[in-house]
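Protein chains in written order, with this note's numbering: chain A, 6 to 279; chain B, 590 to 1020. Where is the CB? At the ideal position from N, CA and C, for every residue including glycine. Since the model is a prediction, treat every value here as computed from it, not as a measurement.
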């Protein structure tokens, strides 16, 4: 099913009774996925990566994302998909992945737990090549006002926003949400245009967190080892259009990063890669 | 006080890396010059263990450039695994770009100004820059500088629907309006280069390149890119009979001998070579494949004079030989860039011709013939394709490796370029 249709289905499901109280014990898997080079080129262009045979560190997320949505859109999933906010993301690349390798992708949900502002859940993706784990992703979503059993919520990484001079200024255009939606399949209306975003309480469309995360790590292409972990906390939504600053600081053999608003200095993203 | 005179030293070719060349509007249609150059540089860095290294200089270029590509090579370095403290600059000398870059780097090494460097080039005929119509561009430039609303309005009034037609880069000489193929056809006719001889050279190029791939010659010279593992213009089963069936595309009537089979196609790709001093190579435990001995450039008046557009190497080589006390027969390998099969054959004929050599080259006797079995032994541009600025890097790395395999001898490189220029060089095996 197309992702847009899944969103629509989830929106209808959100108001119907019958939602589960616990996470469905379900894993969604796709085997032998091959990367479409045209799609890779589109993704690289939108996010600022050079087009090479090695997948950008954040690329497998867009392969796993449709599976995440499929899992979250099912009736038994305890939180309604519309309104879920991506609050944190962690990627571990175990090695470089070449574009020609057939990828097995598995997605499941875990760590459904109470959060001070509602309920949170992790969508976990594992990518392997012929049984060898090559990439792991963990996306943490928050449902404001949602309820969840008390339990282990997983530790949020402690990250302070990096201060200091900007290493780059980006003018983030107003069509950035539409452009990233086209390559990621994440057609959440809050990213698409000001009218649909307003329906969800945002004054304008907002950038996808994973676009900001990808664009930030793309700025370090060539400086991050093939095997690395990239942890991201999403702060204030990045309203489109905006001028933002990327701050990078070497730390513990890796980098601390932040993306902040050029005018207000409000942080949009705090991250570390090492 | 005069600067201390420095003893020059040898510049070594340590290795190379290129991506397979791909026919235009094909497999690399979505890749930019920067994408390909960065991928090629990272492949070189990976092959020679240079991650995080500060090299002396990276010099490369592209012939077809977008305005955003102004600092192309430096941008590639910044996106690569080389240390960001590695300086870089762009050069552009049409098809001579890659070899000229290698000359620049090796000269600095020989002077002791740098210890190591990377040279080469990249070109895409697919992701080519398309500019706005020249009339429209002038209006837009004026509009940008206009101070008042009325001035802007006046300029907007000059806009015409026809101006929407963009300027597409053309493979033609600005001063003559002729394409490179049309120029080459004039030279082919002048020297009486036959269709058969051209097709034979083209078939040999495919045969040699295919054989070189088959015996693993390119295993440590080429890194696959976007799913391409071999130059996709290569036709291993090419033959004189098959080539003879193609219709001529350049020239007219009986003089029309040049076909798509014995001319190079528009191609995308990039190629780089790693150069260094012998000491730097030893410190990094890297082998020296060959030494970069000397180089010469020449230019001809193809506009108002008698010389053909692609004939400048005919003049460059005798000057290079003279300076180095060598004859044309003192080489074990000849790498003559196959812009067109007829270009290679006309060049060889000119060197054999007593009258031309005396009158035009000022030589008492012609340079003479070469042993054709030593020509382009691992294939050349007719088979591999010719992404303009990438060809020099391809040839330098391949020739250096061939000399290393042989263990002795020397090789001559000859590359013709648009604008009536030629770049030639000598490489020598390490004894």
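Query raised in the report: Quick one, which of B:803, B:981, B:926 has its alpha-carbon nearest residue 790 (chain B)'s?
Result: B:926
**Report entry** Cutoff 9 Å: residue 628 (chain B) Cβ touching any chain A Cβ
**Finding:** yes
Requested in this report: Would you verify that the beta carbon of residue 606 (chain B) is, or is not, closer than 9 Å to some beta carbon of chain A?
Outcome: no
Query raised in the report: Out of B:872, B:928, B:794, which has the shortest C-alpha to C-alpha gap to residue 852 (chain B)?
Result: B:928
**Report entry** Residue range of the unbroken alpha helix (DSSP H) whose run includes residue 970 (chain B)
**Finding:** 970-973
Query raised in the report: CA-CA distance, residue 830 (chain B) and residue 846 (chain B)?
Result: 15 Å
Report task. Please confirm if residue 49 (chain A) has its CB atom under 9 Å from at least one CB of chain D. Result -> Included in the structure are the protein chains A and B, with no chain D among them.
Query - Own chain partners of residue 591 (chain B) with C-beta closer than 7 Å, once the 5 adjacent residues on each side are dropped - result: Residue confidence for residue 591 (chain B) is low, a pLDDT of 47 falling below 50, so the modelled location carries little weight and cannot support an answer.
Query raised in the report: With burial defined as no fewer than 16 other Cβ atoms inside 10 Å of the residue's Cβ, what is the status of residue 795 (chain B): buried or exposed?
Result: buried
Query raised in the report: Roughly how far, in whole angstroms, is the beta-carbon of residue 977 (chain B) from the beta-carbon of residue 652 (chain B), given that I think they are within contact range, below 8 Å?
Result: 4 Å
Report task. Figure out for me which residue from B:664, B:992, B:667 has the closest Cα to the Cα of residue 921 (chain B). Result -> B:992
Query raised in the report: Using the C-alpha atoms, what's the distance from residue 979 (chain B) back to residue 175 (chain A)?
Result: 32 Å
Report task. Answer yes or no: do residue 279 (chain A) and residue 217 (chain A) have a C-beta to C-beta separation smaller than 9 Å? Result -> no
**Report entry** C-beta neighbour in chain B for residue 221 (chain A), strict 9 Å
**Finding:** no
**Report entry** Among B:817, B:823, B:773, the one whose alpha carbon lies nearest that of residue 801 (chain B)
**Finding:** B:823
Query raised in the report: Are the beta-carbon atoms of residue 225 (chain A) and residue 210 (chain A) separated by less than 9 Å?
Result: no
Query raised in the report: For residue 748 (chain B) and chain A, any beta-carbon pair shorter than 9 Å?
Result: no
Query raised in the report: Going by the C-beta, is residue 141 (chain A) closer than 8 Å to any heavy atom of the ligand PLP?
Result: With respect to the ligand PLP, the structure shown offers nothing to examine, as it has no ligands at all.
Query raised in the report: Which residues in the same chain have their Cβ closer than 8 Å to the Cβ of residue 47 (chain A), if we skip the five residues on either side of it in sequence?
Result: 187, 188
Query raised in the report: Buried or exposed: which applies to residue 785 (chain B), given that a residue is buried once 16 or more other Cβ atoms fall within 10 Å of its Cβ?
Result: exposed
Query raised in the report: Applying the criterion that 16 or more other CB atoms from any shown protein chain within 10 Å of the CB defines a buried residue, is residue 660 (chain B) buried or exposed?
Result: exposed
Query raised in the report: In whole angstroms, what is the alpha-carbon distance linking residue 879 (chain B) and residue 887 (chain B)?
Result: 24 Å
Report task. Could you tell me which residues DSSP puts in a beta bridge with residue 266 (chain A)? Result -> A:249
Query raised in the report: What distance in whole Å lies between the Cβ atoms of residue 882 (chain B) and residue 867 (chain B), which are believed to be in contact at a cut-off of 8 Å?
Result: In fact, because the Cβ distance is near 14 Å, the residues do not count as touching under 8 Å.
Requested in this report: Using a Cβ-Cβ cut-off of 9 Å, state whether residue 73 (chain A) counts as contacting chain B.
Outcome: no
Report task. Counting only runs of 4+ residues fully inside the segment 909-955 of chain B, write out the alpha helix (DSSP H) ranges in chain order. Result -> 930-941, 943-948
Query raised in the report: Looking at the C-beta of residue 226 (chain A), does it have a partner C-beta in chain B at a distance below 9 Å?
Result: yes
Query raised in the report: Cα-Cα, which of A:147, A:54, A:135 is closest to residue 128 (chain A)?
Result: A:147
Query raised in the report: In the DSSP assignment, what residue or residues form a beta bridge with residue 91 (chain A)?
Result: A:146
Query raised in the report: Could one say the Cβ of residue 668 (chain B) lies closer than 9 Å to chain A's Cβ atoms, at least one of them?
Result: yes
Requested in this report: Starting from the Cα of residue 535 (chain B), find the closest Cα among B:699, B:735, B:681 and give me that residue.
Outcome: This structure cannot speak to residue 535 (chain B), because chain B is shown only from 590 to 1020.
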